[in-house]
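Comments concern the structure below.
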Amino acid sequence: MTNKKRVHLLGFIQNGVNSHATGMWRNARDKVNWDWRRPPYWQHMGQTMERGFFDAMFIADELAPYSNVDGKSDECVKWAVQCPVHEPSTIVPIITTATKHLGVGVTLSTAFEHPYSMVRRLSSLDHLSYGRVAWNVVSSYSKSEWNAYGADMATRYDRYARMEEYMEVCYKLWDSWEEDAIIADQVSGIYADPTKVHEVDHQGEFFKCKGRSFVCRSPQGRPVLWQAGSSDRGRDFAAKHAEAIFAVHPTVERMREYTNDLNHRLQATFNREPGSVKRIYGLQTCVAETRTEAQEKWERIKANIPLEGALAWISGHFGPDFTKFKPDDLIQDIEIPGIQGLFESMLHSKGGAPVTVKEGALYYAQGMGMPLACGTAKDIADQIEYYMDEGGADGFMLAATYTPGCYEEFVDYVVPELQRRGRLRTEYRHNTLRENLLEPDDETPSINTIDLTARKSRTGT
Ligand SMILES: Cc1cc2nc3c(=O)[nH]c(=O)nc-3n(C[C@H](O)[C@H](O)[C@H](O)COP(=O)(O)O)c2cc1C
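In the numbering used here, each residue carries its 1-based index in the sequence shown increased by 337.
Spelled out as structure tokens, the structure:
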């Protein structure tokens, strides 16, 4: 038993050819003998993360290719800047069927889907996974998404106002079926007690919903709620609703600032316990047996990044067309229409020193503004411990470089080192993602809450 804080690990990925390090699809080690469009790739990715005792695979998403360069998406298509990207929830059952403990976080936008079908989909996935699903709640920050759906883009303020009500409807629907609503009495023929399946009657500003949820209560009741909003409004939303947040900060000082800010909001505004929301920070890693080898590998990875693709990506994530600036222009500290928190990670990538457009774009394209941990397993474990102890991180969203190799290497090299230091679990103690993610560090093994016998007979495992 150790009283050191244990790390939560997640693999950060998209259901696409290239995730969060631009140009990785052309790396000689990327997807060798794997096709990302087919189930075996996702099964292997899930099994690799489970072998490393990750909490979850976390699937990012957006709804359309970015069209911020000259108002077109040509550059994103040309350089595979998060394009193509397939629908994220389709791979959830593939991953959870191939694993027993790994959770899956899925990013689904509230912008164009009614809460009724969102709840139906997420609760169905929670059932199919035996309670291992998380939902990354987003509202579509990119104009291209709104164009694709033929709608006028709402302001940040309106998106959050609408999302507040969205959550209200979701909570009502998730609570529609009480835990003991299903009787299934074959003698009387009564399957469920209608007095315990409540009809939702919501007549709000943005949504109307009248009816019972169509999905009976799922193992977790509702998916683990995840949020990555980073503006002032976004941080409040996260402090109110989230069980875990995902943020990117290039320095330990900014991690600490964020940690303190979130804890303050939790306590002062939402009457929640400081520390009760898991803080999962982004980290890009590159591991090898020696520092020289790791550095050489990292240089090869960076050589894959096309500047044009990097500029198209920051234009897509932040809004302005960055190809219209000179490469040596300095990036200004402004409010942008896109992802404010990630913009700030690029802005602070040199620890507060001015950053040019070219520097910012190339830095961002290495791993979405995440700090880099490059070196031996010991070096990376040191950095992880430092961010946990000094920055308040509870865990890390590990961005992909080449796949599945980057996760295989992390699991083979870094995971045993973290376990040796008492920083990472050596077994999964629970069945649901929520229980594994939120378990106290000093918790002793608990009694399983899901009927494992039923599970074994069905899966044959
Ligand atoms: C680390 C991080 C990851 C994010 N991932 C996604 C994503 O996969 N899909 C998406 O639509 N938005 C994503 N976002 C956007 C946010 O969830 C949020 O909608 C956006 O930042 C606008 O809110 P804000 O102005 O409060 O930051 C991400 C944001 C951050 C900071």
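Yeah, the Cβ is synthetic: ideal placement off N, Cα and C, and Gly gets one too.
Tell me whether Thr-790 sits in a helix, a strand or coil according to DSSP, three-state version. Since pLDDT at Thr-790 reaches only 36, below the 50 mark, its modelled position is unreliable, and the value read off the structure follows with that caveat. Note: Thr-790 maps to helix in three-state DSSP.
What would DSSP say about Trp-373, mapped onto helix, strand or coil? coil
Could you check where the beta strand (DSSP E) with Gln-621 kicks off and where it finishes? According to the DSSP assignment, Gln-621 belongs to the beta strand (DSSP E) that extends over 615 to 624.
Less than 8 Å separating the Cβ of Glu-542 from some heavy atom of ligand 1? No heavy atom of ligand 1 is found nearer than 8 Å to the CB of Glu-542.
Could you check what DSSP says for Val-506 in three-state terms: helix, strand or coil? helix
Is Tyr-403 close to ligand 1? I mean its beta-carbon at under 8 Å from any heavy atom of the ligand. No.
Go to Cys-546, then tell me how far its beta strand (DSSP E) extends in each direction, as first and last residue. 545 to 548
Segments of 3+ residues assigned as beta strand (DSSP E) that fall wholly inside the region 347 to 405: 393 to 397
For the alpha helix (DSSP H) that Tyr-723 lies in, which residues bound it at each end? 714 to 728
Evaluate the contact criterion for the region 645 to 655 versus the region 400 to 408: three or more CB pairs, one atom per stretch, below 8 Å. yes
Taking a contact to mean a Cβ-Cβ separation below 9 Å, would you say Lys-533 touches Ala-518 in this structure? With contacts defined by Cβ atoms closer than 9 Å, Lys-533 and Ala-518 form a contacting pair.
Proximity to Val-422 [Cα-Cα], best of Arg-757, Ile-432 and His-357: His-357
So for Pro-782, helix, strand or coil by DSSP? The predicted model places Pro-782 with a pLDDT of 40, which falls under 50 and marks its position as unreliable; any figure quoted below should be read in that light. Coil at Pro-782, not helix or strand.
First through last residue of the beta strand (DSSP E) which encompasses His-539: 537 to 540
Would you call the region 695 to 707 and the region 718 to 725 in contact, with 3 or more CB pairs under 8 Å? no
Where Lys-409 sits in the DSSP three-state scheme: strand
Select from Val-614, Arg-388 and Trp-362 the residue whose C-alpha is nearest the C-alpha of Arg-637. Trp-362
DSSP state of His-578, grouped into three classes? helix
State the Cα-Cα distance for the pair Gly-348 and Met-705, rounded to the nearest angstrom. 14 Å
With burial defined as no fewer than 16 other Cβ atoms inside 10 Å of the residue's Cβ, what is the status of Lys-661: buried or exposed? exposed
Spatial neighbours of Ala-730 in its chain, beta-carbon cut-off 7 Å, leaving aside the 5 residues before and after: Met-592, Arg-616, Tyr-618 and Tyr-724
Shortest alpha-carbon distance to Glu-515 belongs to which of Arg-559, Tyr-595 and Ala-488? Arg-559
Grouping DSSP H, G and I as helix and E and B as strand, with all else coil, what is Arg-795? With a pLDDT of 37 at Arg-795, under the threshold of 50, the predicted position of this residue should be treated as unreliable, though the coordinate-derived value follows. Residue state, collapsed to three classes: helix.
Would DSSP call Met-734 helix, strand or coil? The DSSP-derived three-state label of Met-734 is strand.
Neighbourhood of Arg-343 by C-beta distance below 8 Å, restricted to the same chain and skipping five residues each side: Gly-759, Arg-760, Leu-761, Arg-762 and Asp-778
Among Lys-368, Asn-355, Ser-466 and Gly-408, whose alpha-carbon lies nearest the alpha-carbon of Gly-653? Gly-408
In the structure shown, what three-state DSSP assignment does Asp-598 receive? helix
Output needed for Gln-557: all residues of its chain with C-beta closer than 6 Å, excluding positions within five of it in sequence on either side, in chain order. Asp-463, Gly-468, Thr-769 and Arg-771
Pick from Gly-732, Tyr-595, Leu-679 and Gly-675 that is closest to Ala-491, judged by C-alpha positions: Gly-675
Cα separation between Gln-604 and Glu-610? Each residue's Cα considered, the two are about 6 Å apart.
According to the neighbour-count rule (16 or more other Cβ atoms, all chains shown, within 10 Å of its Cβ), is Ile-428 buried or exposed? buried
Closest to Gln-677 by CA distance: which of Arg-366, Asn-352, Met-394 and Ser-479 is it? Ser-479
Contacts around Glu-387, its chain only, beta-carbon distance under 8 Å, and the 5 residues preceding and following it disregarded: Taking Glu-387 as the centre and dropping the five residues before and after it, the same chain places the C-beta of Thr-436, Lys-437, His-438 and Leu-439 closer than 8 Å to its C-beta, in chain order.
Any heavy atom of ligand 1 closer than 8 Å to the beta-carbon of Ser-477? yes
By how many angstroms is the C-alpha of Ala-736 removed from the C-alpha of Asn-773? 21 Å
Tell me whether Pro-708 is buried or exposed, calling it buried when 16 or more other Cβ atoms sit within 10 Å of its Cβ. buried
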